[in-house]
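The structure appears right after this line, and notes come after that.
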Amino acid sequence: MKGGKVLEPFVTVLIPAYNEAATIATTVYAVRRIPEVGQVVVVDDGSTDETAIRARQAGAEVERLEKNQGKGSALNHGASRVKGSIVALVDADLGESAAEIAKLLAPVVAGEAEMAVARFPPTLRVGGFGLVKGLARRGIYWLARVEMRAPLSGQRVMTREVWEQVLPLEPGFGMEVGMTLRAARLGFRIREVDLSLTHRETGRDWSGFRHRGRQFYHVLGALYRGALEK
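Those letters in the sequence shown? Residues 78 to 307, per my numbering, in order.
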């Protein structure tokens, strides 16, 4: 499915956030400065800090969940608030670098792709753990014949049509994989874009290993369900 240029883009930015009081306001301010952005929605995924308060003070609409449910579930809850013809998914910890999302909008606004996915710069820290990424890349190629260098990137821009077609999102860390599979199988064009984004990285400590373990399990589950849908 190929669409033309979006003549009057109105972008809704969805930001899932869990205990991101330290960065959420800066992230919200950064995306609000992008000319095409007309709506910013922060889904507070059961935070115990002042994430919701600071997001609202920065000018975002806030959807507040009482309990932490995971990134995909949080975005599913926020889906009904979307007003834009284009939807951008942005992580809460990007801070000032969230302004780079403007470059991710470009191919979708120009009608060159229906989904754009951000590629981060190479990590300077250990802890990348290529096992999960490799699983996602191979699984997506096997099931949808799409080559992805950044299959786990959560920074994505898509048309409203794509957004509605990929819902509901996978509830956990398999969200991006499930989204890519559905979009690719429906014939939507996916483009990866290199951006100078910064965020927290998972290190080689117990917390990092536990996070990667959960991520591997969720990605495997998303691929399994994707295979059943084939």
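Idealized CB from N, CA, C, for every residue including glycine. Being a predicted model, the structure only gives us computed values, none of them experimental.
Legend entry - Secondary structure of Arg302, DSSP reduced to three states: Reduced to three states, the DSSP call for Arg302 is helix.
Legend entry - Cβ shell of Glu138 (< 6 Å), same chain only, five flanking positions each side left out: Short of 6 Å from the beta carbon of Glu138, and not among the five residues preceding or following it, lie these beta carbons of its own chain, in chain order: Val118.
Inset, instruction - Reducing DSSP to helix, strand and coil, say where Val270 ends up. - result: Looking at Val270 - three-state DSSP - the assignment turns out to be strand.
Inset, instruction - Put Gln146 into one of helix, strand or coil per three-state DSSP. - result: In the structure shown, Gln146 falls within a coil segment according to DSSP collapsed to helix, strand and coil.
Legend entry - Gly211, DSSP secondary structure in three states: For Gly211, the secondary structure class from DSSP, reduced to helix, strand or coil, is helix.
Legend entry - Residues of its chain near Phe87, where Cβ-Cβ distance is below 8 Å and the 5 sequence neighbours each way are ignored: Glu113, Gly115, Gln116, Lys160, Gly161, Ser162, Ile163.
Inset, instruction - Have a look at Asp271 and Arg196 and give me their C-alpha separation to the nearest angstrom. - result: Cα-Cα distance, rounded: 5 Å.
Inset, instruction - Could you tell me whether the segment 223 to 242 touches the segment 165 to 172, where touching means 3 or more Cβ pairs closer than 8 Å? - result: Yes, the segment 223 to 242 is in contact with the segment 165 to 172.
Legend entry - Touch test, the segment 216 to 228 against the segment 295 to 304, Cβ-Cβ under 8 Å, three pairs minimum: Touching, yes.
Legend entry - N- and C-terminal bounds of the beta strand (DSSP E) containing Pro93: Where Pro93 is concerned, the enclosing beta strand (DSSP E) stretches over 88 to 94.
Inset, instruction - Starting from Asp121, follow its DSSP beta bridges and name the residues at the other end. - result: Ala94, Arg141, per the DSSP bridge assignment.
Legend entry - Beta-carbon proximity of Tyr106 to Ala135, cut-off 8 Å: In this structure, Ala135 lies closer than 8 Å to Tyr106 by Cβ.
Legend entry - For Leu171 and Glu177, the rounded distance between their alpha carbons: CA-CA distance, Glu177 to Leu171, rounds to 10 Å.
Inset, instruction - Tell me whether Ile163 sits in a helix, a strand or coil according to DSSP, three-state version. - result: Residue state, collapsed to three classes: strand.
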